[in-house]
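First up is the structure itself, then whatever we jot down about it.
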Amino acid sequence: MSIETNIALTRPFSVKHYVMLMKPGIIMGNIVTAAGGFALASKGQVNPSLFFAMLCGLALVIGSACVFNNYIDRELDRKMVRTRNRPLAKGLVSVQSALIFGTIVGLLGTLTLALGTNLLTTAIALFGVFAYVALYTLSKYRTHYGTLIGSIAGAIPPVVGYCAVTGRLDLGALIWFVMIVCWQVPHFFAIAVYRLKDYADGGIPTFPIVKGMRATKIHMTLYTAAFVMAASMLTLCGYTGAFYLTLVLLLGGGWLVLAFKGFKCSSDHRWARKMFIFSLVIVMALCTAIPFSIA
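Numbering (numbering that gives the first Met the number 0) for the sequence shown: 0 to 294.
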């Protein structure tokens, strides 16, 4: 019996620990973009039961992926300040229990999507799990392009929401995918900058560590500009109206100005925090605006 298992067996069962394994913050963030994709495809005619099935199924599937991510990262998590209190890192849950839990949650999520939405939506969601667990989680130990690889998985939820309604992949789904891929690079590079020491201590070759701060800021600026252009395409291609485009230009322009300020900032840490917070504001605002700006 492993040390991790011995520690876990001495702890009382806690639902909280299993909830933490699923990373609720990540689930909520992805649910927001999934809801945005669903709202866009619904064109003002939302099917409540379909929406509920999509959200529940996707939340469970993402939660399952996060459990397996926690399993793979448990040794690394012990080395980093922000992750060392995670349940597997502290031995609050045994490895065996976590794997069983993650499998059951994943199966429930898959079943919910398959019965409540359609097979295409289910397949796309499962591809997202593969991209997150196999491609991203393992690649981040080997290459500084891990964040770029991880952006594929992060761009899956809005496509899931969109396809739950349409049952097909079309231009709208593609725009959503490209839009969120571009959004994630400055979002996660900002985390890598203000958590620079943490990642260095964990031995993770993030982009700022390998390529330096200037190269990181250049990439963040370029991807921010690409995000604004991709987000604008929803209006230019006739999916959303003027209200949405106005928000894209105002908020996206503000985010781009902030990205440029990074080249002359006095504190990379403070600047990166602002970039991170702004990234959350803009994606929340645009997803919330979509139901009120359907073309």
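All C-beta atoms in this analysis are idealised placements derived from N, C-alpha and C, irrespective of residue type, glycine included.
Keep in mind the model is a prediction, meaning the values are calculated, not measured.
- With a 10 Å radius around the Cβ and a threshold of 16 neighbouring Cβ atoms, Q183 comes out buried.
- With a 10 Å radius around the Cβ and a threshold of 16 neighbouring Cβ atoms, M27 comes out exposed.
- L233 and S150 have their C-alpha atoms some 20 Å from each other.
- At a Cβ-Cβ threshold of 9 Å, T109 and A163 do not count as neighbours.
- For R269, the enclosing alpha helix (DSSP H) starts and ends at D267 to A288.
- With fewer than 16 neighbouring CB atoms inside 10 Å of its own CB, C236 falls in the exposed class.
- According to DSSP, residue pairing for T239 in a beta bridge involves I293.
- In the three-state reduction of the DSSP assignment, C264 falls in the coil class, being assigned neither a helical nor a strand state.
- Here Y161 really is in contact with A40; their C-beta atoms are around 5 Å apart, less than 8 Å.
- For E74, the closest C-alpha among the options Y140, Y238 and F188 is that of Y140.
- Going by DSSP, G108 is part of the alpha helix (DSSP H) stretching over V94 to G115.
- V60 places its beta carbon 9 Å or farther from that of G115.
- An exposed status is given to H268, since fewer than 16 other beta-carbon atoms sit within 10 Å of its beta-carbon.
- Within the segment 22 to 73, the complete alpha helix (DSSP H) runs of at least 4 residues fall at 23 to 41.
- If the five residues before and after G201 are omitted, its C-beta is found closer than 7 Å to the C-beta atoms of L75, K78 and M79, all from its own chain and listed in chain order.
- Collapsing the DSSP output to three states places H143 in coil.
- Rounded to the nearest whole angstrom, the C-alpha separation of F262 and V280 is 22 Å.
- With respect to the 9 Å criterion, L246 and A284 are classified as neighbours on the basis of their beta carbons.
- In the three-state reduction of the DSSP assignment, K78 falls in the coil class.
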